[in-house]
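Notes follow once the structure below has been shown.
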Amino acid sequence: MSSTPFAIVTGVLSASNHARPEAATGTTGFVTMLVVVKSRWLM
1 MSSTPFAIVT
11 GVLSASNHAR
21 PEAATGTTGF
31 VTMLVVVKSR
41 WLM
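Under the numbering used here, the sequence shown has 38 at position 38, and the numbering climbs by one with no breaks.
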């Protein structure tokens, strides 16, 4: 169930990466934070 949002985020990241590389850096940092928070929540 958690793989679907991750796939969507990956798609958005790819789109952002192609559209605006400098924005992708900030998006990657935001996604990394989300992953860390989600990992802590799962634990």
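All C-beta atoms in this analysis are idealised placements derived from N, C-alpha and C, irrespective of residue type, glycine included.
| C-alpha gap between Ala7 and Val36, whole angstroms | 17 angstroms
| request: Return the CA-CA distance between Gly26 and Leu42, expressed in angstroms with no decimal places. | output: 24 angstroms
| message | I'd like the list of long-range same chain contacts for Val9, defined as Cβ closer than 7 angstroms, with 5 residues on each side in sequence excluded. | response | Val31
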